[in-house]
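The block underneath contains the structure these notes are about, expressed in structure tokens.
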Amino acid sequence: MSGSAVSDLLLSVDGVTIDYSGFKALDNFSMTLNRGETRVVIGPNGAGKSTLCDTIIGRVRPSQGRVLFKGEEIQRLPEQQIVARGICRKFQAPGVLPTLSVRDNLGLAARKDRRWWKSFGAGIPADEKRAVEEALESVGLTHRAGVEAGTLAHGEKQWLEIAMVMATGAELLLLDEPTAGMGPAETSRTAQLILGLGDSRTVLVIDHDMSFVEQLAAPVTVMHQGKFLKQGSIAEVRADAEVAAVYLGHTA
Amino acid sequence: MPDLSRLDPLKPVLPWLLLALGLVAPFALSAYDLNLLARFMAMGILALGLVLIWGHGGILSLGQGVFFGLGGYAIALHMKLADLPSGEIPDFMVWSGRDSLPFWWIPFSSPAFTIAAILIVPTLVGALFSWAVFHRRVGGTYFALITQALALAFSTLIISRQDVTGGFNGLTDFYSVFGFGLSSPGTGSGLYWVTLVVLCIAFVALRWLLASRFGILLRAARDGENRVRFLGYSPTPFKVVAFAIAAMLAGIGGALFTLHAGVVSPALIGVVPSIEMVVWVAIGGRYSLAGAIVGALLVNLARDAVSSAFPELWLYLMGVLFIFVVTLLPRGLAGLVQGKAA
Numbered sequence: 001m002s003g004s005a006v007s008d009l010l011l012s013v014d015g016v017t018i019d020y021s022g023f024k025a026l027d028n029f030s031m032t033l034n035r036g037e038t039r040v041v042i043g044p045n046g047a048g049k050s051t052l053c054d055t056i057i058g059r060v061r062p063s064q065g066r067v068l069f070k071g072e073e074i075q076r077l078p079e080q081q082i083v084a085r086g087i088c089r090k091f092q093a094p095g096v097l098p099t100l101s102v103r104d105n106l107g108l109a110a111r112k113d114r115r116w117w118k119s120f121g122a123g124i125p126a127d128e129k130r131a132v133e134e135a136l137e138s139v140g141l142t143h144r145a146g147v148e149a150g151t152l153a154h155g156e157k158q159w160l161e162i163a164m165v166m167a168t169g170a171e172l173l174l175l176d177e178p179t180a181g182m183g184p185a186e187t188s189r190t191a192q193l194i195l196g197l198g199d200s201r202t203v204l205v206i207d208h209d210m211s212f213v214e215q216l217a218a219p220v221t222v223m224h225q226g227k228f229l230k231q232g233s234i235a236e237v238r239a240d241a242e243v244a245a246v247y248l249g250h251t252a
Numbered sequence: 001m002p003d004l005s006r007l008d009p010l011k012p013v014l015p016w017l018l019l020a021l022g023l024v025a026p027f028a029l030s031a032y033d034l035n036l037l038a039r040f041m042a043m044g045i046l047a048l049g050l051v052l053i054w055g056h057g058g059i060l061s062l063g064q065g066v067f068f069g070l071g072g073y074a075i076a077l078h079m080k081l082a083d084l085p086s087g088e089i090p091d092f093m094v095w096s097g098r099d100s101l102p103f104w105w106i107p108f109s110s111p112a113f114t115i116a117a118i119l120i121v122p123t124l125v126g127a128l129f130s131w132a133v134f135h136r137r138v139g140g141t142y143f144a145l146i147t148q149a150l151a152l153a154f155s156t157l158i159i160s161r162q163d164v165t166g167g168f169n170g171l172t173d174f175y176s177v178f179g180f181g182l183s184s185p186g187t188g189s190g191l192y193w194v195t196l197v198v199l200c201i202a203f204v205a206l207r208w209l210l211a212s213r214f215g216i217l218l219r220a221a222r223d224g225e226n227r228v229r230f231l232g233y234s235p236t237p238f239k240v241v242a243f244a245i246a247a248m249l250a251g252i253g254g255a256l257f258t259l260h261a262g263v264v265s266p267a268l269i270g271v272v273p274s275i276e277m278v279v280w281v282a283i284g285g286r287y288s289l290a291g292a293i294v295g296a297l298l299v300n301l302a303r304d305a306v307s308s309a310f311p312e313l314w315l316y317l318m319g320v321l322f323i324f325v326v327t328l329l330p331r332g333l334a335g336l337v338q339g340k341a342a
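Residue numbers (full-length UniProt numbering), protein chains in the order written: chain A, 1 to 252; chain B, 1 to 342.
Now the structure itself:
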């Protein structure tokens with residue numbers, strides 16, 4: 001976080017407190033993300049990881065502090081306006097739209113003009129069509145494009161939702177437990193998918209699975225009881241006595 | 001459930017089959033039966049709107065009778081005025097002690113205003129009402145209860161203002177519409193054709209709408225309103241527009257029904273009739289436009305047959321039918337024909 005990288009700063013969570021009538025899910029929490037960075041947030045259950053995503057995407061409103069995206073405050077904006085500015089989130093439980101085809105799910109995500117009066121028609125612009133086909137290919141669902149999303153296997157649903165989040169063209173992707181319920185092979189593939197995004201997107205990943213976090217080889221932010229605890233590489237965080245005490249559950 | 005996939009070929013044929021029956025009916029039915037069929041078809045127009053909002057939008061309305069009534073009363077006001085010698089006011093107003101028309105009756109003497117009112121008033125009321133509820137993110141069962149309250153309030157209002165609405169008896173004794181005598185057989189079959197054409201237009205328009213991106217988004221918001229919101233869409237306007245369209249169809253259906261039935265009254269538009277409207281669509285199939293038309297026709301045919309023989313039995317029978325369909329045929333009769341929701 002060098003001072004010279006101000007122009008690279010994409011997201012800044014600045015002293016945010018989320019107060020659920022006395023229980024502080026986030027307690028004066030701050031972090032920043034630079035353009036193109038991939039960051040993993042870990043922490044024990046109840047550390048406030050999902051609440052952090054909720055705050056950035058506008059699902060909960062901070063009682064104190066600010067969320068700055070590209071230098072502008074977004075913590076009071078309606079959800080769809082936050083999304084319109086270039087943030088999209090994958091939820092913990094797969095949030096695909098079950099009765100729509102896989103392709104229609106992605107088509108909704110890839111759509112640029114989301115105003116209702118522009119929805120009376122069936123034609124899809126060529127660039128959106130291309131984005132949908134690319135998204136299908138990236139998660140290996142091309143052969144499943146026509147089936148109802150509700151009939152996909154659990155892992156496929158997770159991938160579809162990741163692909164939807166990617167297809168929105170958002171600059172900042174929030175991936176809340178993208179590997180939940182996946183086996184080791186699927187987890188590896190998900191890591192490859194995220195790594196494949198390269199520098200074009202900024203990604204905030206929340207996950208418990210340490211092998212997945214290792215494969216991402218990204219800087220790690222550790223949260224504990226709604227507060228910032230540590231930040232560093234996975235090796236540094238593993239070696240940290242304080243982190244071990246609260247999270248890894250064994251003595252360093 | 002037995003394998004019914006072999007019936008799938010029926011799916012694209014069903015609307016054409018219905019159209020064929022509709023075209024033949026005027027030559028095969030007596031004037032009385034044709035009038036009955038036309039009434040049921042007017043109800044079918046309302047039922048199409050329920051497929052849009054309930055089947056595809058997940059919005060259960062127990063208050064469609066309100067919009068049906070707005071359309072029905074609009075045409076009724078016009079016919080009451082059209083039949084009056086100039087300077088006089090409708091007889092029920094005289095009996096209630098009024099000596100002049102209420103100001104809001106006056107513009108209904110114009111046919112153009114009346115047609116505009118039939119199209120616009122239910123649509124506008126539906127849009128404003130649903131926006132007020134949906135933008136507060138109230139939905140599901142709460143919305144259904146609010147619509148039921150709306151139906152109760154509307155019918156109560158009409159009953160309580162007998163001097164200007166005709167009260168519990170409603171408005172009846174119409175003699176002509178837009179210069180055509182209602183007692184002449186030509187007017188009866190003419191109105192039948194008008195109803196058939198409107199039903200077809202509504203069917204084709206909704207079919208197009210449901211296949212468009214609007215329809216896709218409506219189903220998306222039904223299945224995961226939050227997911228849609230977090231993809232950057234505001235679901236509220238989509239739901240409001242769908243509800244307004246359904247209200248418009250209900251209003252058109254109500255106006256046509258009033259022309260065929262020769263009466264509009266609170267008993268036709270209150271809480272119980274509003275629930276019956278939902279039952280037609282549940283039985284016919286709430287995901288299917290053709291299914292909803294079939295539901296409206298069959299249930300009303302059965303109602304007509306049963307209630308003329310055993311008046312008390314009908315409500316029980318409808319209740320049993322409803323429970324049967326909801327538990328065993330969630331897609332209604334259309335589910336027997338169709339493999340998938342469309």
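A virtual CB, placed ideally from N, CA and C, is assigned to each residue, including glycine.
Closer than 7 Å to chain B by CB, residue i
i: residue 253 of chain A; result: Residue 253 of chain A is absent from the structure shown; chain A starts at 1 and stops at 252.
i: residue 272 of chain A; result: Nothing can be reported for residue 272 of chain A, as the shown portion of chain A is limited to 1 through 252.
i: Gly95 of chain A; result: yes
i: Trp116 of chain A; result: yes
i: Gln75 of chain A; result: no
i: Arg89 of chain A; result: yes
i: Gln192 of chain A; result: no
i: Gln80 of chain A; result: yes
i: Ala135 of chain A; result: no
Any chain A beta carbon closer than 7 Å to residue i
i: Met277 of chain B; result: no
i: Phe238 of chain B; result: yes
i: Ser288 of chain B; result: no
i: Tyr233 of chain B; result: yes
Identity of the residues DSSP links to residue i by a beta bridge
i: Glu72 of chain A; result: A:Phe69
i: Phe29 of chain A; result: A:Val16
i: Asn35 of chain B; result: Paired residue(s): none; Asn35 of chain B is not in a bridge.
i: Gly181 of chain B; result: B:Ser176
i: Lys230 of chain A; result: A:Val222
i: Glu176 of chain A; result: One detail in the question is off: residue 176 of chain A reads as Asp in this sequence, not Glu. DSSP output for Asp176 of chain A lists A:Ile206 as bridge partner(s).
i: Gln158 of chain A; result: Partner(s): none; Gln158 of chain A has no beta bridge.
i: Ile42 of chain A; result: A:Val222
Assigned secondary structure, residue i (DSSP; H/G/I helix, E/B strand, else coil)
i: Phe91 of chain A; result: coil
i: Lys24 of chain A; result: strand
i: Lys129 of chain A; result: helix
i: Glu37 of chain A; result: coil
i: Lys340 of chain B; result: Note that Lys340 of chain B scores 46 on pLDDT, short of 50, meaning its location in the model is unreliable; the coordinates nonetheless yield the value given after this. In the structure shown, Lys340 of chain B sits in coil (DSSP, three-state: anything other than H, G, I, E or B).
i: His224 of chain A; result: strand
i: Asp223 of chain B; result: helix
i: Glu148 of chain A; result: strand
i: Leu10 of chain A; result: strand
i: Leu171 of chain B; result: strand
i: Ser96 of chain B; result: coil
i: Ser265 of chain B; result: coil
i: Ser50 of chain A; result: helix
i: Ser101 of chain A; result: strand
Interface partners of residue i on chain A, CB under 7 Å
i: Leu217 of chain B; result: Leu108, Ser119
i: Arg213 of chain B; result: Ser119, Gly121, Ala122
i: Asp223 of chain B; result: Leu97, Pro98, Thr99
Proximal chain B residues relative to residue i, where beta-carbon distance stays under 8 Å
i: Ala153 of chain A; result: None at all; the shortest Cβ gap to chain B is about 18 Å.
i: Ile57 of chain A; result: Phe230
Closest residue to residue i among the options (Cα-Cα distance)
i: Ala282 of chain B; options: B:Asn226, B:Ala247, B:Val320, B:Phe92; result: B:Val320
i: Gly107 of chain A; options: B:Gly253, B:Leu46, B:Leu217; result: B:Leu217
i: Gly65 of chain A; options: A:Gly46, A:Leu97, A:Ala145, A:Met31; result: A:Met31
i: Met164 of chain A; options: A:Arg115, A:Ala131, A:Gln192, A:Glu148; result: A:Ala131
i: Asp163 of chain B; options: B:His135, B:Phe92, B:Phe203; result: B:Phe92
i: Gly232 of chain B; options: B:Met277, B:Ala247, B:Ala220, B:Val241; result: B:Ala220
i: Pro330 of chain B; options: B:Val306, B:Asp304, B:Tyr287, B:Tyr316; result: B:Tyr287
i: Asp33 of chain B; options: B:Ile245, B:Leu268, B:Leu48, B:Pro185; result: B:Pro185
i: Gly183 of chain A; options: A:Asp19, A:Phe212, A:Glu73, A:Arg238; result: A:Phe212
i: Gly140 of chain B; options: B:Gly58, B:Leu37, B:Val198, B:Val24; result: B:Gly58
i: Leu317 of chain B; options: B:Glu276, B:Leu336, B:Gly167, B:Asp173; result: B:Glu276
i: Lys80 of chain B; options: B:Ala305, B:Val264, B:Pro273; result: B:Val264
Chain A residues whose Cβ lies nearer than 9 Å to that of residue i
i: Ala220 of chain B; result: Leu97, Thr99, Leu100, Asp104, Asn105, Leu108
Proximal chain B residues relative to residue i, where beta-carbon distance stays under 9 Å
i: Val83 of chain A; result: Arg229, Phe230, Leu231, Gly232, Tyr233
Proximity test, residue i beta-carbon vs the ligand ADP heavy atom, cut-off 6 Å
i: Trp105 of chain B; result: For the ligand ADP, the structure offers nothing, since it holds no ligand at all.
Per-residue contacts from residue i into chain A (C-beta, under 8 Å)
i: Val241 of chain B; result: Trp116
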